[in-house]
Amino acid sequence: MSGPLSVPACIKPAWCSSPLCPRPSQWYTEPHRHSGSPRTANAGGVTCAKAPQVTGVTVQLEMHTLWQQFDQLGTEMIVTKAGRRMFPTFQVSISGMDPAAEYVLLMDFIPVDDKRYRYAFHSSSWLVAGRADVAAPGRMHFHPDSPARGSQWMKQMVSFDALKLTNNLLDDNGHMILNSMHRYQPRFHVVYVDPRWDSQLHAHRNFCTFSFPETRFIAVTAYQNHRITQLKIASNPFAKGFRTTDPDTCHEPGSMPGEQRAQNLKSLSGERLRPRNEILSLF
1 MSGPLSVPAC IKPAWCSSPL CPRPSQWYTE PHRHSGSPRT ANAGGVTCAK APQVTGVTVQ
61 LEMHTLWQQF DQLGTEMIVT KAGRRMFPTF QVSISGMDPA AEYVLLMDFI PVDDKRYRYA
121 FHSSSWLVAG RADVAAPGRM HFHPDSPARG SQWMKQMVSF DALKLTNNLL DDNGHMILNS
181 MHRYQPRFHV VYVDPRWDSQ LHAHRNFCTF SFPETRFIAV TAYQNHRITQ LKIASNPFAK
241 GFRTTDPDTC HEPGSMPGEQ RAQNLKSLSG ERLRPRNEIL SLF
């Protein structure tokens with residue numbers, strides 16, 4: 001499932017010369033491919049003018065080698081009604097932020113194409129089964145430490161281990177809703193929290209999006225490729241109990257007996273919640 005993937009570049013329409021431009025989702029109009037290492041994307045590579053607080057931001061994907069191993073086989077991620085955590089977990093290291101500025105980090109998932117897939121066991125490959133189902137409602141997952149200063153984000157790895165995937169269209173737990181047997185590309189967004197009273201006028205300059213092709217996956221309700229099952233068992237510390245018992249079963253983080261399921265998220269005051277409402281209007 002490996003191969004080049006265009007990364008949305010922040011291209012503002014030529015006809016838009018004022019600060020009051022369309023939402024960024026409407027002016028992702030030209031492809032921008034990674035240059036250099038596929039693990040790193042630099043906000044300075046986009047062609048639209050950006051705020052200094054995001055222009056130099058660089059993001060590196062952690063566990064890159066493991067992601068590549070899964071990608072070569074065709075990564076599968078389990079979706080359940082109750083929600084299932086991802087493995088590998090999406091983790092990044094960030095540099096180039098303004099240490100004193102505040103940032104919000106968030107993720108979403110977009111379809112790679114307009115197709116639905118099925119797994120052909122006789123050829124151990126994924127085949128197109130038809131057109132995609134109606135897209136599930138789009139959601140954003142805010143990192144629970146958001147907003148935080150750049151110095152905090154840069155001092156250690158950032159992990160989205162609380163993020164869960166579900167196929168429940170009626171989910172009210174904030175999980176990411178995906179269609180089974182469809183391919184998805186995770187996207188990582190860095191948003192500068194602009195303290196100015198008119199920050200909405202500058203919203204298009206205050207964020208940048210990063211995408212790593214090796215993190216693409218097909219959402220499934222049960223693993224289809226036995227090699228994916230084996231690799232998850234071999235590399236997932238939460239699945240060590242299955243390495244000598246049932247080689248065809250794998251538990252994801254968050255589904256092991258005795259593991260604490262509840263995540264204590266920060267309580268956000270009205271002032272800390274304010275950026276979320278503005279950020280959601282961007283996408």
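Just so you know, the sequence shown maps onto residues 1 to 283 in full-length UniProt numbering.
Built from N, CA and C at the ideal position, the CB exists for glycine as well.
This structure is a prediction, so every number in the text was calculated from the model and none was measured.
Spell out the partners DSSP gives residue i in its beta bridges.
i      : result
ILE218 : GLU76, ARG183
ASP194 : Note: ASP194 sits in no beta bridge, so no partner.
VAL112 : VAL112 is not bridged to any residue.
VAL164 : In the sequence under discussion, the amino acid at residue 164 is Lys, which differs from the Val named in the question. Answer is ARG85, bridged to LYS164.
LEU201 : DSSP output for LEU201 lists no bridge partner at all.
PHE238 : Its beta-bridge partners do not exist; DSSP assigns none.
HIS141 : MET107
HIS189 : LEU106, THR209
SER159 : GLN91
On the premise that residue j lies in contact with residue i, defined as a C-beta separation below 8 Å, what is that separation, rounded to the nearest angstrom?
i      : j      : result
ASN179 : ASP194 : The Cβ separation is near 35 Å, so there is no contact.
GLN53  : ALA101 : 5 Å
LEU165 : MET77  : 6 Å
SER146 : GLN91  : Actually they do not touch by this definition, with Cβ atoms about 16 Å apart.
PHE217 : THR75  : 4 Å
TYR117 : MET176 : Not really, about 19 Å apart at Cβ, beyond 8 Å.
TYR103 : GLN224 : About 38 Å; that fails the 8 Å criterion.
ILE94  : VAL59  : 6 Å
MET154 : MET97  : 6 Å
LEU73  : TRP67  : No, LEU73 and TRP67 are not in contact; Cβ-Cβ is about 11 Å, not under 8 Å.
THR215 : PRO186 : 5 Å
LEU163 : ARG85  : 7 Å
TYR192 : VAL112 : With 8 Å as the limit, TYR192 and VAL112 do not qualify as a contact, their Cβ atoms being about 28 Å apart.
ASP161 : THR89  : 5 Å
PRO213 : ARG149 : That pair is no contact at about 30 Å.
What span of residues does the alpha helix (DSSP H) with residue i cover, start to end?
i      : result
GLY174 : Per DSSP, GLY174 belongs to no alpha helix (DSSP H) and is neither H nor E.
GLY150 : 150-154
GLN53  : 52-55
Grab the span of the beta strand (DSSP E) containing residue i for me, first residue to last.
i           : result
LYS115      : 115-120
LEU127      : 125-131
ALA92       : In the sequence on display, residue 92 carries Val and not Ala. VAL92 -> beta strand (DSSP E) spans 91-95.
residue 317 : The structure shown has nothing for residue 317, since the chain only spans 1 to 283.
PHE210      : 207-211
Looking at the C-beta of residue i, does it have a partner C-beta in chain D at a distance below 8 Å?
i      : result
PRO195 : Of the chains in the structure shown, none is chain D; there is only one protein chain.
Stretch-stretch touch, CB-based, cutoff 8 Å, three pairs: the segment 78-88 with the segment 167-182: yes
Contact between the segment 206-216 and the segment 135-142 (3+ Cβ pairs under 8 Å): no
Given 8 Å, three or more beta-carbon pairs between the segment 231-240 and the segment 127-137: no
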